[in-house]
Amino acid sequence: MLASSGQGAQMQIRLEKIDPSKRQQRFYVMHIAQTLFGEWCLIREWGRIGTKGGQRLVNYVASRAEAEAALYKRAAQKGRRGYQLRETLRTF
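Residue 46 in the UniProt record's numbering is what sits at position 46 of the sequence shown, and the numbering runs on without skipping anything.
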């Protein structure tokens, strides 16, 4: 269970990959959040732009620093695959 707005520190980035020649319209969103129990997690969501649903994966980590490192590593991987940064939100 994640902390409600204002209780847990959060960070979010949104990446998109749009390639009309390949009919690709994808998004990839990552959140760092703290649970009500003080645990840190990296939440990843991805799917096709304009559709409801998609995939979601929650990874629990030992610290905020570990979650941030995982987020930046994954963002770099996605950048090498053609994804572009669309939005960043930080509320620590």
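Every residue gets a Cβ at the ideal spot worked out from N, C-alpha and C, and that includes glycine.
request  = From the DSSP output, in three-state form, read off residue 142 for me.
outcome  = There is no way to answer for residue 142, as the model of the chain reaches only from 1 to 92.
Curious, which full-length beta strand (DSSP E) runs of at least 3 residues does the region 38-88 contain?
Runs found: 40-48, 55-61.
Specify whether the region 45-56 and the region 18-27 touch according to this definition: at least 3 beta carbon pairs, one from each stretch, less than 8 Å apart. Yes, they touch.
Rounded to the nearest angstrom, how far is the Cβ of residue 13 from that of residue 67, given a contact under 8 Å?
-> Between residue 13 and residue 67 the beta-carbon gap is near 12 Å, outside 8 Å, which marks them as no contact.
Classify residue 22: buried if its beta carbon has 16 or more other beta carbons within 10 angstroms, exposed otherwise. Residue burial annotation: residue 22 is exposed, with fewer than 16 other C-beta atoms found within 10 angstroms of its C-beta.
(Q) For residue 36, list the residues DSSP reports as bridge partners. (A) Residue 36 pairs with nothing; no bridge assigned.
- [ ] Quick one: using the 10 Å Cβ neighbour count with 16 as the cut-off for buried, is residue 78 buried or exposed?
- [x] Buried, since its Cβ has 16 or more Cβ neighbours within 10 Å.
Backbone CA spacing between residue 18 and residue 53 [nearest angstrom]
So the alpha carbons of these two residues sit roughly 18 Å apart.
Checklist line | Terminal residues of the beta strand (DSSP E) in which residue 23 lies | finding: Per DSSP, residue 23 lies in no beta strand (DSSP E) segment and is marked neither H nor E.
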